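To get my numbering, take the position in the sequence shown, counting from 1, and add 45. We treat Cβ as the ideally placed atom computed from N, Cα and C, and that holds for glycine. Keep in mind that this is a model prediction, so the values were computed, not measured. Here the structure is laid out as structure tokens; the discussion comes afterwards.
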Amino acid sequence: MNSLKFLVQDQRIYLYGFVIMPNHIHLEWMMRGDHILGEVKNSFMKFTAQQMKLDMLKNNDPALLNFKSTQRDRKFQIWERNALSIPIYSREVMEQKLEYIHNNPVQEKWRLADVPEDYYFSSARFYLLNIDDWGFITHYMEHV
46 MNSLKFLVQD QRIYLYGFVI MPNHIHLEWM MRGDHILGEV KNSFMKFTAQ
96 QMKLDMLKNN DPALLNFKST QRDRKFQIWE RNALSIPIYS REVMEQKLEY
146 IHNNPVQEKW RLADVPEDYY FSSARFYLLN IDDWGFITHY MEHV
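Here it is as structure tokens:
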């Protein structure tokens, strides 16, 4: 969350929606100014991977072994090398993707919450209850 907050405050992105799941993340964001998607995405992934790795090392978390890399240029691989980016080209698609990511935690597979707005690491409360727990989400209707 700190990394997303930094990207917003540094005026690199508008953050429209997100959900952080146990093994993946969904983000709906738009680059600001002349910032380039690939550069912002790589910066976000590099910083967050480093923070997660350092936290696991500090806490002797055996889960770190699940991220061992076979690549010569690194010991660990936290994020997938080619994280998927999908362009959002209309308000309808934006709303469809927001609904999908907000419903992720309530899926049978996860059962992290009974309703989307109960899952803390999500923008669902912002959209469904008009409660901004984070202070740096922009409503998509401002730009889309």
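One or two residues paired with residue i in a DSSP bridge
{"i": "VAL64", "result": "HIS71 and SER167"}
{"i": "TYR195", "result": "The structure shown does not extend to residue 195, since the chain is modelled only from 46 to 189, so the question has no answer here."}
{"i": "ILE176", "result": "Answer by DSSP bridge pairing: none, since ILE176 is not bridged."}
{"i": "ILE182", "result": "LEU60"}
{"i": "LYS113", "result": "PHE121"}
Inter-residue spacing [alpha-carbon to alpha-carbon] between residue i and residue j
{"i": "ASN104", "j": "MET97", "result": "11 Å"}
{"i": "TRP179", "j": "GLY62", "result": "11 Å"}
{"i": "PHE181", "j": "TYR134", "result": "23 Å"}
{"i": "LEU72", "j": "LEU99", "result": "23 Å"}
{"i": "ALA108", "j": "PRO67", "result": "12 Å"}
{"i": "MET90", "j": "TRP155", "result": "23 Å"}
{"i": "LEU102", "j": "PHE121", "result": "11 Å"}
{"i": "LEU52", "j": "MET46", "result": "10 Å"}
{"i": "GLU153", "j": "ASP159", "result": "10 Å"}
{"i": "LEU173", "j": "GLU162", "result": "7 Å"}
{"i": "ASP118", "j": "MET75", "result": "30 Å"}
{"i": "GLN56", "j": "GLY78", "result": "8 Å"}
{"i": "VAL138", "j": "GLU144", "result": "10 Å"}
Nearest-angstrom Cβ-Cβ length linking residue i and residue j, presumed shorter than 8 Å
{"i": "ALA94", "j": "ILE123", "result": "4 Å"}
{"i": "LEU60", "j": "SER130", "result": "Actually they do not touch by this definition, with Cβ atoms about 15 Å apart."}
Three-state secondary structure (DSSP) of residue i
{"i": "ASP106", "result": "coil"}
{"i": "VAL189", "result": "coil"}
{"i": "MET46", "result": "coil"}
At what residue ranges does the segment 116 to 162 contain a whole run of the alpha helix (DSSP H), taking only runs of 4 or more? 136 to 148
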